[in-house]
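Read in order, the letters of the sequence shown correspond to residues 44 to 164 in the numbering used here.
The C-beta atom is built at its ideal place from N, Cα and C for all residues, glycine as well.
Before any comments, here is the structure.
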Amino acid sequence: MQIGIIGTILFSASMAIACSSSGTDTGGSKTPVSAGDAGGDASEAPCSPPGTKGNALGIGAYCNATVKCTGDTFCTADFGTKEGDSFCSRQCAKDSECGEGAFCYKETRGAGCVTLACAPK
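Below you can see the structure in the form of structure tokens.
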């Protein structure tokens, strides 16, 4: 997933949906590293392909214009992400609110849950 897509979501939803699976822990959020630091190109494969169930809270589940998220999660596709880059997320204040395999990414416009699989590489 590209950071630009995440920026679109942030702007549209007034909350953050961006992150990194590596970086500096800042007490409930992670400071992203640049794409070059982690190696690889995450834009090649979808982070949440069709059929992905997400964690127990539904974070990271596959969604699109017709496959909707459940509970208090929302689909990032509703905010302009392209097919294959969308996943279910929710607002958060700390990592524990995102469940297993996900964390709360914070920035000045808000905070949102992102799975490690959807973090930029």
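Shown here, E150 sits in a strand according to DSSP, grouped into three states. Here the alpha carbons of E140 and F130 stand approximately 16 Å from one another.
Here the alpha carbons of S132 and T119 stand approximately 7 Å from one another. When the five nearest sequence neighbours on each side are left out, the beta carbons in the same chain lying within less than 7 Å of the beta carbon of K96 are those of A104, in order along the chain. Taking 8 Å as the cut-off, the beta carbon of Y148 is found closer than this to the beta carbon of G155. The residues Y105, in chain order, have a CB closer than 8 Å to that of G94 in the same chain once the five nearest residues on each side in sequence are set aside. Under DSSP, F117 takes part in a beta bridge, and its partners are S132. In this structure, the alpha-carbon of D121 lies about 16 Å from that of V157. DSSP lists T158 as the beta-bridge partner residues of A145. Per DSSP, reduced to three states, the secondary structure at E140 is helical.
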